[in-house]
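Q:
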Amino acid sequence: MKLSTWTFVTLLLASLLLTERAEAKNLQGHLGLGLEQSISGISGMTVRYWSGDRVGIHATLGGGLSAGVGENQDQVGSSLGLSAGMVYNVARSLHANLGVGVRAAIAMRNEALRNALSSSTGDTREGDDLQFNIELPIVIEYFLSESFSVSVSTGILLAFIPEEGAVVTPKGNGSESVPKTIGVGIGAGSITGSLGAVYYF
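This is the structure:
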């Protein structure tokens, strides 16, 4: 992350902390639907539910299908990613909330897709690929209206890279892909790589 970006984030966090709590945005009982990319790099549809005025449950699910893969072009490749956990808003203002949380993430790529992606090297194997990550995100959520918000995240990422190599690669720090290692990213994610947009009911 460039110095100018760090300066922007630092000033934004400071302004949030200094804002009067009396003007806090209360999300208790609200359900939000939208799109998001977690700091693990898992992107897709997201659901946010706030059981209290500060505590929320976040989950993001995404995936894809590729038909016509394989030697005879008769297989279907698939990938799936899920990131879910809890967020606690440590600071709130009239238009923005600052939260910290913990999320577990899993990414899967089936045998057909993995072998199709590595067909040029001839490195074909049996079985699906699975990768587990632990995310400790810091989330800034800004409300453009009473029902619509945009968010950006950074934080600490623990990536458990399987023997077959990384299944999902995040933006920014923590994008290590060396097989059979544990990658640690401090300041994981990026401004463009962890954006979210949510509509609240």
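Take 99 as the starting number for the sequence shown in the working numbering and just add one per residue.
Beta carbons are placed, not taken as given, at the ideal position from N, Cα and C, and that holds for glycine.
All values derive from a computational prediction rather than experimental measurement.
1) Please report the distance separating the alpha-carbon of Ser191 from that of Lys123.
2) Assuming Ala194 contacts Glu239 under a Cβ cut-off of 8 Å, what Cβ separation, rounded to an integer in Å, is found between them?
3) Our contact map puts Asn231 next to Leu211 with C-beta atoms below 8 Å; I'd like the distance itself, whole angstroms only.
4) Between Gly139 and Leu180, what straight-line distance do the alpha-carbon atoms span, to the nearest angstrom?
5) Which term fits Gln171, buried or exposed, when burial requires 16 or more other beta carbons within 10 angstroms of its beta carbon?
6) The beta strand (DSSP E) with Leu180 in it runs from where to where?
7) List the residues that DSSP assigns as beta-bridge partners of His156.
8) What's the call for Gly141, buried or exposed, on a 16-neighbour Cβ count within 10 Å?
9) With Phe258 and Leu129 assumed to form a contact (beta carbons below 8 Å), what rounded beta-carbon distance in angstroms separates them?
10) What span of residues does the beta strand (DSSP E) with Leu233 cover, start to end?
11) Out of Asp151, Gly154, Trp148, Thr158, which one is the CA nearest neighbour of Gly132?
12) Where Ala286 and Thr252 are concerned, what is the direct C-alpha to C-alpha distance, given to the nearest angstrom?
13) Cβ of Ala203 within 8 Å of Cβ of Ser136?
A: On the basis of the supplied data:
1) 6 Å
2) 6 Å
3) Going by Cβ atoms, the distance from Asn231 to Leu211 rounds to 19 Å, so no, they are not a contact pair.
4) 10 Å
5) exposed
6) 173 to 190
7) Arg146, Gly183
8) Here residue 141 turns out to be Ser, not Gly, going by the sequence shown. By the neighbour-count rule (16 or more Cβ atoms within 10 Å), Ser141 is buried.
9) With 8 Å as the limit, Phe258 and Leu129 do not qualify as a contact, their Cβ atoms being about 31 Å apart.
10) Residue identity check: residue 233 is Glu in the sequence provided, not Leu. Unbroken beta strand (DSSP E) run through Glu233: 227 to 241.
11) Thr158
12) 5 Å
13) yes
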